[in-house]
Amino acid sequence: MISESTKALFDKEVAKYPPEQKQSAVMALLAIVQKEEGWVSRDSENIVAEYLGMAPIAVHEVTTFYNMYNQKPVGKYKLNVCTNLPCQLRDGARALRHLEHRLGIAMGETTRDGMFTLQQSECLGACADSPVMLVNDRTMCSFMSDDKLDQLIDGLKKAEQA
36 MISESTKALF DKEVAKYPPE QKQSAVMALL AIVQKEEGWV SRDSENIVAE
86 YLGMAPIAVH EVTTFYNMYN QKPVGKYKLN VCTNLPCQLR DGARALRHLE
136 HRLGIAMGET TRDGMFTLQQ SECLGACADS PVMLVNDRTM CSFMSDDKLD
186 QLIDGLKKAE QA
């Protein structure tokens, strides 16, 4: 079941497309679900599929293709480090290893306090600024040396204490 407020948001997105192309709203509807729930469960995918008249597997394919959709609960801060080849050649793997060590978790895990989830990412389109990362799918961070990574983590922790 979806709430009336969520249904209204779904309706608003679907209205942007001709009726026969309402499936084009799938990404927007998944984003709405994630904003409300924090992640996209299989049950939520099924709700979106039913709402749009799509096969559930087609919605699941969208969810699993894009790493902006969380397929399980994540920490308050999701850190996506680019590990595509150009970034690998410019210390992307080193940045990921530094964060794993600093946070005490492996890539794909969430800290015990639920504050940080660490993930690798495909190309973020900023190869010249490598190593790069994306915080909460919104904020791009470039030239992430160990010092800058430590400053980022310290700053986010400090913000939580304020």
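Following the numbering used here, the numbering of the sequence shown begins with 36 at its first residue and continues without gaps.
Backbone N, C-alpha and C define an ideal beta-carbon position, used for all residues, glycine too.
Because the structure is a prediction, the values reported are computed rather than measured.
Is LYS5 helix, strand or coil when you go by DSSP?
Only positions 36 to 197 of the chain appear in this structure, which leaves residue 5 out of reach.
Spell out the partners DSSP gives VAL170 in its beta bridges.
Answer by DSSP bridge pairing, in chain order: LEU114, THR174.
Could you check if PHE100 is buried or exposed, using at least 16 other CB atoms within 10 Å of its CB as the buried criterion?
PHE100 comes out exposed.
Return helix, strand or coil for THR41, following the three-state DSSP convention.
It is helical.
With burial defined as no fewer than 16 other Cβ atoms inside 10 Å of the residue's Cβ, what is the status of ASN115: buried or exposed?
Looking at its Cβ environment, which holds 16 or more other Cβ atoms inside 10 Å, ASN115 is buried.
So is ALA43 buried or exposed if we call it buried at 16+ other beta carbons inside 10 Å?
When all chains shown are included, ALA43 counts as exposed.
Does the distance from the C-beta atom of THR118 to that of GLN69 stay below 8 Å?
Result no, Cβ atoms of THR118 and GLN69 do not sit closer than 8 Å.
GLY190 and PRO166: beta carbons closer than 8 Å?
Their beta carbons are not under 8 Å apart, which means GLY190 does not touch PRO166 by this criterion.
Tell me, to the nearest whole angstrom, how far the beta carbon of MET150 is from that of GLY110; I am working on the premise that it is less than 8 Å.
Right, the Cβ-Cβ distance comes to about 5 Å (below 8 Å), so this counts as a contact.
Would you call TYR133 buried or exposed, if buried means 16 or more other Cβ atoms sit within 10 Å of its Cβ?
Inspection of the sequence shows that residue 133 is occupied by His rather than by Tyr. It is buried - the Cβ of HIS133 has at least 16 other Cβ atoms within 10 Å.
On a Cα-Cα basis, can you pick out the residue from PHE45, ARG147, ILE140, GLU72 that is closest to MET62?
If we check each option's Cα against that of MET62, PHE45 comes out closest.
Let me check one thing: in DSSP terms, what residues is THR145 bridge-paired to?
Paired residues: THR152.
I need the straight-line Cα distance from HIS136 to TYR104, nearest angstrom please.
Those two C-alpha atoms are separated by around 25 Å.
Would you please state the rounded distance, in angstroms, between the beta carbons of CYS162 and PRO121? I believe it to be under 8 Å.
Right, the Cβ-Cβ distance comes to about 4 Å (below 8 Å), so this counts as a contact.
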